[in-house]
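Just remember that the numbering used here sits 1183 ahead of the position in the sequence shown, which is counted from 1.
Backbone N, C-alpha and C fix where the C-beta goes; we use that ideal spot for every residue, glycine too.
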Amino acid sequence: MIGALGIDGPVAAEFNVPVWFEPVSVTKSQRIASIAKYVTVVSPNQHELIAMANTLCARNMFKTLEPEVNKLLPQDVFCALKPAILVLLETGIKVVIVTLGSNGALLCSKGNPNKALDINRKLSGEMFKRVQFTCSPNRFSEPGLSHGSSLFAMHFPTVPAKVKKLTGAGDCLVGGTVASLSDGLDLFQSLAVGIASAKAAVESDDNVPPEFDLDLLTGMD
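In structure tokens:
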């Protein structure tokens, strides 16, 4: 994956194709330095985020949060991780999505993240139609921007789930988000679908559910 990005990254940049980097592990997340300039979106957990920020700084400036992180309020988690998030954004990465396990995810960018993504959307898929009905794309207008700042941050909580296992949740979050973006939804709508996809994953006996219920994913059930 990293090697492929090193070769294909310049091509993606030439044709203005967004690149999403899912770190997978702390070890692999440290390879970000050689490809950061080609990456549009990253989706690390807090451990991968810290490893990426330290790699880009070329020194260990940041530490992971204590195990009690799940007890912190989302705004406190953001304040603790903000310096590391800013390192990634300063390198040119447009959007940082920090996954927080049972606490959901943080969507961070400089300015409105929707403006950071230039995607060829088809605007006609079934997912697009259903989510447009339940969640208007005009629901947010420059949300999460503090006065006098261009840093955007929004917390997306998890959906209550009957957890069977955790394997596959992160992959389904990313897959659901990317599929929704490709179907024409904006980033806010797409991440919401991604989180619903993660819920389906943890409730399934399989790492990735063999099928997804669109009514459940789009809130129409």
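- The DSSP assignment places 1278 to 1282, 1288 to 1293 as complete runs of the beta strand (DSSP E) inside the stretch 1225 to 1311, in order along the chain (cut-off: 3 residues).
- In the DSSP annotation of this structure, the continuous segment of the beta strand (DSSP E) that includes A1336 starts and ends at 1334 to 1339.
- F1204 is bridged by DSSP to V1225.
- Measuring C-alpha to C-alpha distances from R1242 to each of A1267, I1218, L1248, V1222 identifies A1267 as the nearest.
- Judged by beta-carbon spacing, I1378 lies within the 8 angstroms limit of F1339, meaning their Cβ atoms are closer than that value.
- Between V1225 and the set S1387, P1201, F1261, the nearest pair of CA atoms involves P1201.
- For T1360, the enclosing alpha helix (DSSP H) stretches over residues 1352 to 1365.
- Straight across, the Cα-Cα distance linking F1245 with P1343 is about 31 angstroms.
- In the DSSP assignment, I1378 falls within the unbroken alpha helix (DSSP H) covering 1370 to 1385.
- About 6 angstroms separates the Cβ atoms of V1361 and W1203, confirming a contact at the 8 angstroms cut-off.
- Residue environment: N1228 is assigned as buried (16 or more neighbouring CB atoms within 10 Å of its CB, all protein chains considered).
- Assignment of K1345 by DSSP, reduced to helix, strand and coil, places it in the coil class.
- Segment contact: the stretch 1256 to 1273 against the stretch 1281 to 1295, three or more CB-CB distances shorter than 8 angstroms; contact assigned.
- The criterion of a C-beta distance shorter than 8 angstroms is not satisfied by A1299 and G1351.
- For A1216, the CB contacts under 7 angstroms within the same chain, skipping 5 residues up- and downstream, are T1238, L1239 in chain order.
- In the three-state scheme derived from DSSP, where H, G and I count as helix and E and B as strand, I1218 is classed as coil.
- Of the candidates K1347, A1263, S1373, L1364, K1347 places its Cα closest to the Cα of D1388.
- In the three-state scheme derived from DSSP, where H, G and I count as helix and E and B as strand, D1191 is classed as helix.
- Closest by C-alpha distance to A1288, out of N1295, V1260, T1274, E1273, is V1260.
- In this structure D1369 is in contact with N1297, their Cβ atoms being roughly 5 angstroms apart against a cut-off of 8 angstroms.
- Counting only the Cα atoms, G1353 lies some 12 angstroms from T1341.
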